[in-house]
Every structure is written in C-alpha cells, then in structure tokens.
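Those letters in the sequence shown? Residues 88 to 474, by our numbering.
Note that the Cβ used here is the ideal one computed from N, Cα and C, for glycine as well.
None of these values were measured; they are calculated from a predicted model.
A short write-up of the structure that comes next.
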Amino acid sequence: MYKVALFNKIPRESQNMLSEDKYILINKETTDVDGIIMRSMDIHDMKFSKQLKAIARSGAGTNNIPVERCAEEGIVVFNSPGANANAVCELTFLGLLMSSRKIVDSINWTNNLKENVAVAVENGKSQFVGPEIKGKTLGVIGLGNVGHLVANLGVKLGMEVIGYDPYISVKNALALSWDVQYTDDLEEIYRRSDYITLHVPLNEETRNYINKDNIKCMKDGVRLLNIARDGLVKDNDIIEALESGKVSYFVSDLPNEKLIGAKNVVCIPHLGGSTPEAENNCAEMAVSQLTEYLEHGNIHNSVNFPECSMERNPNTKRIVVLNKNIPNMISKLTAVLAKYDINIIGMVNKSQGNYACNIIDVNGEFTEENIKEMEDHPGILRVMLIK
88 MYKVALFNKI
98 PRESQNMLSE
108 DKYILINKET
118 TDVDGIIMRS
128 MDIHDMKFSK
138 QLKAIARSGA
148 GTNNIPVERC
158 AEEGIVVFNS
168 PGANANAVCE
178 LTFLGLLMSS
188 RKIVDSINWT
198 NNLKENVAVA
208 VENGKSQFVG
218 PEIKGKTLGV
228 IGLGNVGHLV
238 ANLGVKLGME
248 VIGYDPYISV
258 KNALALSWDV
268 QYTDDLEEIY
278 RRSDYITLHV
288 PLNEETRNYI
298 NKDNIKCMKD
308 GVRLLNIARD
318 GLVKDNDIIE
328 ALESGKVSYF
338 VSDLPNEKLI
348 GAKNVVCIPH
358 LGGSTPEAEN
368 NCAEMAVSQL
378 TEYLEHGNIH
388 NSVNFPECSM
398 ERNPNTKRIV
408 VLNKNIPNMI
418 SKLTAVLAKY
428 DINIIGMVNK
438 SQGNYACNII
448 DVNGEFTEEN
458 IKEMEDHPGI
468 LRVMLIK
C-alpha cells in the first residue's frame, strides 16, 4: 500500500483515481508518506522524510516547492503544465477588455449612484470610453501552453498578433496560427504593441522582465497584462509609468501591497486557474503522474528529473535509480547487479541538467540490502524497487 498526503483539497473525482486497494489517503501535513499532492501551500521550510518519493503539484507553478532540494534528496517533483491553460487564456482576454474599456472603474462608479440612476448613467458614461481591441496589435511574450492559445484567440478576435518565445516547443509552434507574426526581437514587441501580455515562468532570466528600461521602448499608452507570475514586472517601475501616462493600464492576477490602490491598476485575486474545469484537469494530471511513478517508475512532467519511461517487461522486478548526472554511474549500477547474478532484461537511462534517471527491469533476487549497497555509492540519490 502507498501512503499519499493531501496538503490541499482536490476534487473527489481525482481522489477516486487513488484506488483503496493500493492507496491510503492522509489529510494532514506529513512527509511520512510515499507521495504528496498539493497546490498552493509553501513547503520550503518543511523537512522531508526518507520515505517521501514524489510531490505532485496540481498546477503549473512550483515556486512554493524547494525543487532543487527535492532533487538532492531523490524526490521527484511533478507539475501540471497546460491543464489550466484555457482558464488562464480566458482570464487574459477578460483582463484585456478590462484594461481597454475601463470596466472596473465604470462598475465602481455605477454602484455609488444613489438616485436618478438612468439620467446619471447617460450623463456620466462618456468618462469611461475606451477603444475596441479589434484591429489593435497584441504582443504575446511566451508562446507556451497558455501563450499560444492567447495568440490564436487574439487572431480570431481580429487583432494583429506578434509572438515572442526563444524556447517555444515544437508542439506549441505547430499549434500556433499561421496569422501570428513571430519575432525573435523583443524590441519589436515593445515598439509595435498596443497591448502586451506576459506568459513566461519566473526565474532569474525573467525576474523584473518588465522594467523602466524596456517600458521606455513601448508605445505611449500601452496596456500591460501579467496573468502569469509575480515578480515578472518591477512594481515601482510600472507604477511610475502609470503615473506618467506612459502605460495606460496594468492588469495583474498577482496583487500585492504596492499594486493595490495604485493608479490604473486592476488587481485580480489570482483567479487564473480558478475554474472547476481547470482544477479538475490539474488534479487529475497530478494524480496520474504520481501514481505512474509510484507504481511503474515512469516520470512525466517532472521539473527536477528528466522525462523517463519504459514499458514493463513481463515477469520482472523494476529498479528505479535517481542519481547525479556524473560519469560512470551506469557501470556502478550494473556492477552491483552482476555481483548478485541479477540479469538485466531491459533498461533506459535519461539525463537532464544535473540529474539522471535509470529504469531497469531485472530477473533475480533484488533485496533491501542490494538497495542500500547501491545507495551507498556517491552520486546515487535514491533507489526504488517496484515488484
């Protein structure tokens, strides 16, 4: 039986994927389990037990998980890329319209009317005039699971769309509309766009991605949207640009103390993936990836270990080895197996950056003592036996 802790609630349908004959669900914050399923809880300061093998995040971002420390402890971290993409895409276009038509300001004004409402509305509505998005230029920075959907929808709504993504995958490139203009020059995005929307992860390369230096290159009156990650836009610089009028509106799904109440800022309470459909999709993907790893050793959508899978060879035991990506690791593993006359039936090795995964199907008696002997080799992070 596998023990799995739920750090956040997930839909009942997703819980039902964890069959009672194989899994024990624990609804408390403990790492004395084989796996953890979670969403937004911050676990950077949490100490992990040796028993913990995997953490599955029901959502795309993993900023709340110590990913590198998990790798060093042989804990595979999964996320759910693309499962909430449509929900985030829809919210992006709601933000686009809110930035253009002054929807929030107009609603707040209307709600404060006390009498002669019909007359007041007709007399006061002109202060909320805003442009249509049809025929305007939309710059999409990041053409991943969300960004390519945003770009394609922009085309369908009659916008001229320019996309930028030096890391675009083949899958998303093929899904991109032929009418989306692709550029490898960010300056072109800044120079031409009436609206700019961000769909990139937060890392050292993208932190403060939008700042006073590149805001200077943008059109006067540009409208900016960040529905992706906090930290992509430098708060002080965007507030200054809004005060000067260089930027007309800024829509953020990641509010903080500086942005709330600032001039022409629309703050949304992180609703990007907050739809029943997105939550179900993310949870199902997280559960599926966790069970596939615990039961079969296959890794899909990990953020700290490589994609690695192999069809199970009949009548074998499976050994999964996570290790640092350094020379001679495979020879060390096979030497231990040969020492105990354990025959290798099938094997796959994959590496990514500093880490690697080996899946080995064997015939022969592989024991807890063998596991310990393997793990004692420098560079071996975890050895897992699946019978």
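Where residue i sits in the DSSP three-state scheme
i           : result
residue 352 : strand
residue 138 : coil
residue 165 : strand
residue 444 : strand
residue 89  : strand
residue 110 : strand
residue 103 : coil
residue 450 : strand
residue 418 : helix
residue 377 : helix
residue 150 : coil
residue 411 : strand
residue 318 : coil
residue 226 : strand
residue 369 : helix
residue 395 : strand
residue 130 : coil
residue 220 : coil
residue 423 : helix
residue 274 : helix
residue 402 : coil
residue 192 : helix
residue 199 : coil
residue 330 : helix
residue 382 : helix
residue 325 : helix
residue 291 : coil
residue 159 : helix
Run of the alpha helix (DSSP H) containing residue i, from where it starts to where it stops
i           : result
residue 176 : 172 to 188
residue 433 : Premise fails: residue 433 lies in the beta strand (DSSP E), 430 to 439, not in any alpha helix (DSSP H).
residue 258 : 257 to 262
residue 95  : Careful: residue 95 lies outside any alpha helix (DSSP H) and carries neither H nor E.
residue 234 : 234 to 243
residue 231 : Unbroken run through residue 231: none, as it is neither H nor E.
residue 459 : 455 to 462
residue 211 : 204 to 211
For residue i, the nearest candidate out of the options (CA to CA)
i           : options               : result
residue 410 : 463, 295, 185 and 426 : 463
residue 152 : 222, 88, 299 and 128  : 128
residue 406 : 435, 391 and 133      : 435
residue 126 : 167, 253, 450 and 245 : 167
residue 144 : 373, 321, 307 and 379 : 373
residue 454 : 295, 404, 329 and 380 : 404
residue 338 : 258, 237 and 310      : 310
residue 123 : 378, 364 and 388      : 378
residue 465 : 327, 446, 413 and 388 : 413
residue 340 : 174, 388 and 399      : 174
residue 225 : 380, 243, 428 and 209 : 243
residue 383 : 400, 159 and 393      : 400
residue 425 : 440, 451 and 192      : 451
residue 267 : 212, 241 and 307      : 241
residue 100 : 137, 364 and 223      : 364
residue 394 : 138, 164, 112 and 130 : 164
residue 358 : 381, 314, 330 and 388 : 314
residue 264 : 288, 247, 276 and 94  : 247
Residues that DSSP places opposite residue i in a beta bridge
i           : result
residue 125 : 144
residue 389 : 165
residue 471 : 407
residue 337 : 311 and 352
residue 283 : 226 and 311
residue 269 : 250
residue 302 : Partner(s): none; residue 302 has no beta bridge.
residue 475 : Not covered by the structure: residue 475. The range shown for the chain is 88 to 474.
Where the beta strand (DSSP E) containing residue i begins and where it ends
i           : result
residue 362 : Counting along the chain, residue 362 falls outside any beta strand (DSSP E), and DSSP gives it neither H nor E.
residue 249 : 247 to 251
Contact test: residue i Cβ vs the ligand COA heavy atom, cutoff 7 angstroms
i           : result
residue 383 : With respect to the ligand COA, the structure shown offers nothing to examine, as it has no ligands at all.
Would you check if there are 3 or more beta carbon pairs closer than 8 angstroms linking the region 367 to 387 to the region 337 to 353?
They do not touch, by the three-pair rule.
Check whether the region 153 to 164 and the region 295 to 303 are in contact - that is, three or more C-beta pairs closer than 8 angstroms.
no
Any chance the region 199 to 215 sits against the region 251 to 266, with 3 or more Cβ pairs inside 8 angstroms?
no
Pairs of beta-carbons, one from the region 88 to 102 and one from the region 114 to 124, closer than 8 angstroms: are there three or more?
yes
For the 8 angstroms Cβ check, are there 3 or more pairs between the region 374 to 383 and the region 104 to 115?
yes
Should the region 171 to 183 be regarded as contacting the region 319 to 335, the criterion being three or more beta carbon pairs within less than 8 angstroms?
Output reads no: the region 319 to 335 does not touch the region 171 to 183.
Does the region 222 to 237 come within contact of the region 277 to 293, defined as at least 3 CB pairs closer than 8 angstroms?
yes
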